[in-house]
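Take a look at the structure set out below.
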Amino acid sequence: MTKAMFAMAALACAAATPAHATDTQDTMRRIRDPQGGLIVIAHRGCHEPAPWHGWGSAPENSALALQRCAQMGVDVMETDVHKTRDGYLVIMHDDSVDRMTDGKGAIEKLTLAQIKALHLRENEGGADAPLTDQTMLTLDEMLAMAKGRIVLNLDVKAMIYAEVVDAVMRAGAQDRVIVKTFGGLGSAPLASIAPFDKVPFAVIPMSADERGIDIPEVMRRQMAGAHKPIAFELPLLQLSALPAIGEQSQKLKVRLWVNTLFNGFVIGGGNDVDALRRPDAVWGDLYRRGVTMIQTDDPEAMLRFRDAELKH
Numbered sequence: 512m513t514k515a516m517f518a519m520a521a522l523a524c525a526a527a528t529p530a531h532a533t534d535t536q537d538t539m540r541r542i543r544d545p546q547g548g549l550i551v552i553a554h555r556g557c558h559e560p561a562p563w564h565g566w567g568s569a570p571e572n573s574a575l576a577l578q579r580c581a582q583m584g585v586d587v588m589e590t591d592v593h594k595t596r597d598g599y600l601v602i603m604h605d606d607s608v609d610r611m612t613d614g615k616g617a618i619e620k621l622t623l624a625q626i627k628a629l630h631l632r633e634n635e636g637g638a639d640a641p642l643t644d645q646t647m648l649t650l651d652e653m654l655a656m657a658k659g660r661i662v663l664n665l666d667v668k669a670m671i672y673a674e675v676v677d678a679v680m681r682a683g684a685q686d687r688v689i690v691k692t693f694g695g696l697g698s699a700p701l702a703s704i705a706p707f708d709k710v711p712f713a714v715i716p717m718s719a720d721e722r723g724i725d726i727p728e729v730m731r732r733q734m735a736g737a738h739k740p741i742a743f744e745l746p747l748l749q750l751s752a753l754p755a756i757g758e759q760s761q762k763l764k765v766r767l768w769v770n771t772l773f774n775g776f777v778i779g780g781g782n783d784v785d786a787l788r789r790p791d792a793v794w795g796d797l798y799r800r801g802v803t804m805i806q807t808d809d810p811e812a813m814l815r816f817r818d819a820e821l822k823h
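For the numbering used here, count along the sequence shown from 1 and bump the result up by 511.
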């Protein structure tokens, strides 16, 4: 089903679709249980139009994008963290404000006051995207807004992991975030290393082989520490690599996370555009192959598919 077809159904369905907040404790319990059903992750929040709720687009990584995810019942919101010139942690994917705001410049060269004077552009931004009344959030603000509403996946965009985890601890949010970074065959078990041992932690396995045949061994080594990763977020790989990885995840009793963003991170497995037309052929197929966390730019559609078809 296309987005145009979604829009046609909006008027009939929006009023009948109840808004409901996510219980973060329950979400984390389900994430820690590999048999806890499909976890829906909204990429940079719920920024795409949500026709069944009667909503237009929202700026990515914004307060509105978080609010809509929480109302929709999304499990996890992925978001991105940078640091300003004066040392504040702020929410933005790019290392500059150019694409998403009415300003210009690298975040690391701007002060928080300069950043707060800017306005976010609609959806994924760009020079032609309309400006909104939304402004960039600090990490502290986003953690406060997410409390009791949605789990945050913090994608840390610079070598500021210790500062990010410190902010999480100060907010008392250590049980409602996921922090992640890359690990390869030569990496120590990262979940047991400070500061990652203080928060739920996911590993993005680095493969030295274009076929991804070493990823199961990376997973085994990363699970060998005292603290275990909560999930493995798979890098770009071929569909042929997935059976061995899925088998290893079952053996290790750990979740697999795949992104269906852009062209899809499992080559040959489909992407969000394909899933809007044939959700079971993309999201359903990945789930049957052992993928139990999926990150998407179309969380409304995935939630409807999960709740109607997967019956976790």
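Yeah, the Cβ is synthetic: ideal placement off N, Cα and C, and Gly gets one too.
None of these values were measured; they are calculated from a predicted model.
Straight-line gap, residue i to residue j (C-alpha atoms, nearest Å)
| i | j | result |
| --- | --- | --- |
| N770 | I805 | 6 Å |
| F743 | A713 | 6 Å |
| V729 | L575 | 38 Å |
| E820 | E811 | 14 Å |
| H558 | E589 | 12 Å |
| W563 | V765 | 33 Å |
| S703 | G723 | 24 Å |
| Q749 | V777 | 6 Å |
| D808 | W566 | 15 Å |
| V710 | A561 | 31 Å |
| D725 | A705 | 25 Å |
| D708 | P746 | 22 Å |
| F818 | K620 | With the sequence shown as reference, residue 818 is identified as Asp, and Phe is not the correct amino acid for it. So the alpha carbons of these two residues sit roughly 45 Å apart. |
| D791 | F816 | 8 Å |
| L496 | D537 | The question about residue 496 has no answer here: the residues shown for the chain are numbered 512 through 823. |
| G548 | D605 | 32 Å |
| L600 | E721 | 35 Å |
| L867 | P727 | Nothing can be reported for residue 867: it is not among the residues displayed for the chain, which extend from 512 to 823. |
| W768 | N634 | 24 Å |
| R789 | P545 | 25 Å |
| A638 | G775 | 26 Å |
| A532 | H554 | Residue placement at A532 is poorly supported in this model, since its pLDDT is 40, which falls under 50; the coordinates are not used for a value here. |
| G795 | A673 | 37 Å |
| S751 | R632 | 39 Å |
| D686 | V793 | 31 Å |
CB contact flag (residue i, residue j, <9 Å)
| i | j | result |
| --- | --- | --- |
| L772 | D785 | no |
| Q645 | S573 | yes |
| H593 | A682 | no |
| G780 | L797 | yes |
| I671 | G694 | no |
| M653 | Q578 | no |
| I602 | M647 | yes |
| P700 | A640 | no |
| A829 | K658 | Since the first residue of the chain shown is 512 and the last is 823, residue 829 is not available in this structure. |
| V662 | T535 | yes |
| I618 | D586 | no |
| A719 | L696 | yes |
| S698 | M680 | no |
| R660 | A581 | yes |
As assigned by DSSP and simplified to three states, the class of residue i
| i | result |
| --- | --- |
| F776 | coil |
| T681 | Note on identity: in this sequence residue 681 is Arg, with Thr being the wrong assignment. Helix, per DSSP. |
| T535 | helix |
| R671 | The sequence given here places Ile at residue 671; Arg does not occur at that position. Three-state DSSP puts I671 in coil, outside helix and strand. |
| H630 | coil |
| H593 | strand |
| L745 | coil |
| G694 | strand |
| H558 | coil |
| S607 | strand |
| P727 | helix |
| A702 | helix |
| L642 | strand |
| Q546 | coil |
| I805 | strand |
| P570 | coil |
| P716 | strand |
| A819 | helix |
| L750 | helix |
| L621 | coil |
Assumed close pair residue i, residue j - CB separation to whole angstroms, cut-off 8 Å
| i | j | result |
| --- | --- | --- |
| R731 | L763 | 7 Å |
| I741 | I552 | About 13 Å; that fails the 8 Å criterion. |
| T595 | L623 | 5 Å |
| G556 | L814 | In fact, because the Cβ distance is near 14 Å, the residues do not count as touching under 8 Å. |
| L650 | V675 | 7 Å |
| N664 | K627 | Not confirmed; about 24 Å, so no contact. |
| S607 | G598 | With a Cβ gap of about 18 Å, S607 and G598 do not count as contacting. |
Any C-beta of chain B under 9 Å from that of residue i
| i | result |
| --- | --- |
| V676 | Note that chain B does not occur in the displayed structure, where there is just one protein chain. |
- Looking at C-beta atoms only, is the number of pairs between the segment 745 to 759 and the segment 793 to 805 that lie closer than 8 Å three or more? yes
- Query: Hey, is the segment 570 to 587 in contact with the segment 604 to 621, meaning 3+ C-beta pairs nearer than 8 Å?
  - Reply: yes
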